[in-house]
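Written out below as structure tokens is the structure these notes cover.
Numbering (my numbering), first residue to last: 11 to 92.
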């Protein structure tokens, strides 16, 4: 079973030494991936602690998540109840 995080929990991970992002409702810890990211670390730093789905979809296709997703995936996002 996947671990579940709130957007608030993810938002706390917004520093260069601790970066989580959300893509398509899944939470990824990209801290160790910063130096490997083909677009450079600045791109990830801009979306640190946020939902990066829109930005991800602009520059990547599903193959990027197939290649790196499993090693970076840490859980799912849960939306706050209204």
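Cβ coordinates follow ideal geometry from the N, Cα and C atoms, glycine included.
- Residue 20 and residue 48 have their C-alpha atoms some 23 angstroms from each other.
- About 6 angstroms separates the beta carbon of residue 29 from that of residue 23, a gap short enough to meet the 8 angstroms contact definition.
- Bounds of any alpha helix (DSSP H) do not take in residue 15; it lies within the beta strand (DSSP E) bounded by 14-16.
- In this structure, DSSP gives residue 86 an extended state, which the three-state scheme calls strand.
- In the same chain as residue 38, and ignoring 5 residues on each side of it, the C-beta atoms closer than 8 angstroms to its own belong to 30, 31, 32, 79, 82, 83 and 84, in chain order.
- Residues of the same chain with a CB within less than 8 angstroms of the CB of residue 51, apart from the 5 flanking positions on each side, are 26, 44 and 45 in chain order.
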